[in-house]
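See below for the structure under consideration.
Numbering (this note's numbering), first residue to last: 16 to 1239.
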């Protein structure tokens, strides 16, 4: 309740009148505040007084507000959130101002202590390197902990020196090592302790100081380019820069360029490096003094008047550093009053003599003085003044072409020019023509020559207008009711604007204008008129033209078009329009996207919207055209009825409804479709129903979508539903589909998902099992992986595809579908298959090993030949039976040898050698799995000594190798046949050269086991090879029968293996390309032997060690799958075993005195790819003696069988026969 109050005074005399009413007041209830002391708080926190220690509240329930009376220590929001400025005592005031129901509450004050915390981390730590020290600058922490920071500690990393304490930034850390990078962190301290550590500073590296020596060059002349230099005691080169680039610049090499005079300041800096700090900048300033300017560039001298010439020039490029230039022109010959000065070009020279030829030179001067003179100008000669006589021609008539006349006292030709082209023009020789009336000004010029100055004279006169000629009438055209347009040919120009007047008869109606055509109005429709035209100007009027042919103006007509009004899209109105002339009308639409209309008025609606129609009457000879238009609104209506096509069950409680859109859209875009599923028996249209037995009481289910099909979910199993489909647009929902009976979905089952490998043959899909008799069609979701033709599936690529079997609807069942997933995996990379790479490796190795074995047989033969000679005898054929031409090489062997075989032809030897090699190749990356191999080779040869130093022979070989793979049925069988030519040549007593060249044929029978196919493939392969070797050796032999031979050999081999194809693995069969195996190697070796001799048997143990390193070793082969090969072949890079190979050998030669020799050879090879092999060889040779000498003659005067032999000495291989030896 509001109250006001008045006051009266009472005395013995009575009561006074009442005072004026007081202000209105409303009594209210009191209230109190409860506000508990929050207790000590920690600096840096933001407690909320509304909840701290019970908070604060008023008995009225109104919100309590807070203020701080110690804002230097703390602040508080009106809602009670504290903020601490520093540590100390914080005092908070709690108030409640009251309202209409409560008085303001008494203020409650609480004070509490704000405690100090440790400070935060300093920020912005930046280190600056010095000589064995660094200066660390930083910013104080944002959070001081509520009290003053007492100091800072800098910690060094690496900790080569102790931490350094300071009271503020920066802090200098000394005792650092020059060249050592350091970083630094800083902590702050206050009364509460040490705060957190800052982020590490930038890394700095202390270094030694350096001092720059840079002498002041002193004042310099402008225009010079001196070179300055500076040095540093560090030995580093200072960089020179200019701080006064407006006065001077300097290059990196110290070359100065002066821009102007003034003070030039050059700075010398040295940025330092890892060992030196940047040096203190040294600056030197010096004056740039001006010098005299350069010479101006002379221009031209031109006569500008009687005895007067103007001389032009260009300022000098070099102004001497002083831009304030003056110029002096000096004539030649001299002229009184000269020379002549000026501040710029040109300078005019007066007082020249007429007819005298002059040249001129120019000098420039600045504050220093004059510079050099320019070159002389062109020569000029001042000319005589001439006078023109040109009388004013007076006024001239427009349209005439008079000729002007003038003369000059010099007799030189004149030239006329008009300066008023809007009025007149004149030719150079004075022929006038006029453009309009007005004032014409013509000037006659004489341009002068070497002796005469140019002259000119002007005259001005009037050009008056002419009377216009009669215009020529053209056509007259009716343009409207009572209106015609008259066209004509205008009169020739008269120098002024011509007005044309058209007159109509009868009636004398006129119209005027300045150009053709002119419109005449106010005529009477239906009256026949003729028309004339005349021209009018200031100078007079023309006569009228001849009259036109008669013309009749047209009658106006009016078209009426009845209003249409707003129309629904499905109701098309009949249009009504008429012309008062009775002439026929034509309709058209200006909005064809909304409505169309035929010419006779048949209207059709396209879309809802505004339709604008126009009706026109084209007019005829007596009537003007007329038209009218109407615009009306077409309102959309609900769309037509969709047509349900199929209902497909998609799983439990889900049916897909397919339909076609309605043909009638209602005039607006169809926004969507609504499918309604109603349990059979409830109120709904009777259409297709799915027969499912009832399991409960289901409800109506709806689903919407933007198009077909729409999936209806949430249907109850076992319930028969009736489905309807309706379309809707902005006008509403249309009618639903007509009633049809729904069929049951078929129950389908099919095989599970399929796993195939790319390359497999086409396969046929089985038919799914179904309770429907509908036909099946099959499709693939990914034709790039698999295609389906009928039920036949063709694998096209690797990946996955979904195969779908769709069953057509029948009279009892809906359309159904069932799917499976087909995954097509890639075939493995065959180059990673150990059986593939191992098989190829075995073939490569076999081709090379055949060459090595057969070559070794021949070289062992040659070794035996070399070993059959005396250490001091160059005879190398002691291994032969000898010949009568080399009697010193044989000794008698007795009747046993003679009886054993008939004697060979003279100097011939026959030999047979066999070698068996067996070994193992281990695994090594892609070279394949391990395998065991055995190689056998037999060589049959015959050779003959040719002369004393040469042996030539031929040998045929046959070899066979079998390779068995570890743990699999894979194997490689190889055969080789070859024919070789070989030879040995002695170069003195110790040196020899031997060589061979062979060609062979190769055959391979191959079996490869495939893990993916779990079967073996078979194949055969052929090829040919060439191989050879060339050996250079040194052989030393002593009298005790010991031989030591060192040699180097080049081995070359090339095999060409034909391409082949495997059979037996189906999709895993491979086709291999043609393969070239190239292997060449250098071998170095050492051989040794010791001969032992008995009466009828001699033997010689021998040993050898050899190392071979390949020069070329490759045998790449391309391969691909036979069935559905990849687009690019796989390539397997192969190398044979014959590289980095160590060969050890030992053996025994046995020789019978009958001429037979047997050699047993043992060998071991250790090569790359963990290859190791052992070999056993046997050689048999026979050489029937041609004289009775022993096989070995390693000791002079050896007695055997009572017959002595004669030793051979020197370099000759020919020895005389011993006493008692009989030629055979």
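Positions of the beta carbon are idealized from the N, C-alpha and C atoms, including for glycine.
- Of the residues assessed, residue 781 falls on the exposed side of the cut-off, its CB having fewer than 16 other CB atoms within 10 angstroms.
- About 6 angstroms separates the beta carbon of residue 281 from that of residue 255, a gap short enough to meet the 8 angstroms contact definition.
- DSSP places residue 1018 in the uninterrupted beta strand (DSSP E) bounded by 1006 to 1025.
- Shown here, residue 567 sits in coil according to DSSP, grouped into three states, outside any helix or strand.
- Counting only runs that start and end inside the region 1112 to 1199, the beta strand (DSSP E) elements of at least 3 residues fall at 1112 to 1129, 1132 to 1136, 1145 to 1147, 1156 to 1167, 1171 to 1181 and 1187 to 1197.
- In the structure shown, residue 1083 falls within a helical segment according to DSSP collapsed to helix, strand and coil.
- Within the same chain, and ignoring the five residues on either side of residue 315 in sequence, the residues whose Cβ sits closer than 7 angstroms to its Cβ are 327, 392 and 393.
- The three-state secondary structure of residue 111, taken from DSSP, is coil.
- Within the same chain, Cβ atoms closer than 8 angstroms to the Cβ of residue 389 are found at 310, 311, 312, 313, 328, 376, 377 and 378, the five residues on either side in sequence being excluded.
- With 16 or more other Cβ atoms inside 10 Å of its own Cβ, residue 221 counts as buried.
- Proximity of the region 618 to 629 to the region 557 to 568 falls short of the contact definition, fewer than three beta-carbon pairs being nearer than 8 angstroms.
- For residue 205, the uninterrupted beta strand (DSSP E) segment begins and ends at 198 to 205.
- For residue 832, the uninterrupted beta strand (DSSP E) run begins and ends at 831 to 840, by DSSP.
- Counting only runs of at least 3 residues, the region 712 to 788 fully encloses the following beta strand (DSSP E) elements, listed from N- to C-terminal order: 716 to 720, 725 to 728, 736 to 744 and 769 to 772.
- Taking a contact to require three or more Cβ pairs closer than 8 angstroms, the region 154 to 169 and the region 228 to 247 do not qualify as touching.
- Nearest to residue 374 by alpha-carbon distance, out of 461, 1133, 350 and 358, is 350.
- The alpha-carbon separation between residue 583 and residue 541 amounts to approximately 47 angstroms.
- Per the coordinates, the alpha-carbon of residue 305 lies some 9 angstroms from the alpha-carbon of residue 238.
- In summary, residue 969 is exposed, with fewer than 16 beta-carbon neighbours lying within 10 Å of its beta-carbon over all protein chains present.
- By the criterion of a C-beta distance shorter than 6 angstroms, residue 69 is surrounded in its chain by 51, once the five residues flanking it on both sides are discounted.
- In the three-state DSSP reduction, residue 1033 falls in the strand class (E or B).
- Note: residue 16 is not bridge-paired with any residue in the DSSP secondary-structure output.
- The residues 542 and 544, in chain order, have a CB closer than 8 angstroms to that of residue 521 in the same chain once the five nearest residues on each side in sequence are set aside.
- Per DSSP, the continuous beta strand (DSSP E) segment holding residue 440 begins and ends at 439 to 441.
- When DSSP states are grouped into helix, strand and coil, residue 648 belongs to the strand group.
- Under the DSSP assignment, residue 589 falls outside any beta strand (DSSP E); it carries neither an H nor an E label.
- Of all alpha-carbon atoms in 1134, 469, 1010 and 596, the one lying nearest the alpha-carbon of residue 401 is that of 469.
- For residue 737, the number of other beta carbons within 10 angstroms of its own is at least 16, and it is reported as buried.
- Straight-line measurement puts the Cα of residue 665 at about 9 angstroms from the Cα of residue 727.
- Per DSSP, reduced to three states, the secondary structure at residue 876 is helical.
- Within the model, the alpha-carbon separation for residue 992 versus residue 1110 is close to 40 angstroms.
- Per DSSP, reduced to three states, the secondary structure at residue 67 is helical.
- By DSSP's assignment, residue 933 forms a beta bridge with 949 and 1189.
- The beta carbon of residue 78 sits closer than 6 angstroms to none of the beta carbons in its chain outside the five residues before and after it.
- Take the alpha-carbon of residue 596 and the one of residue 748: they are about 49 angstroms apart.
- For residue 576, the uninterrupted beta strand (DSSP E) segment begins and ends at 574 to 576.
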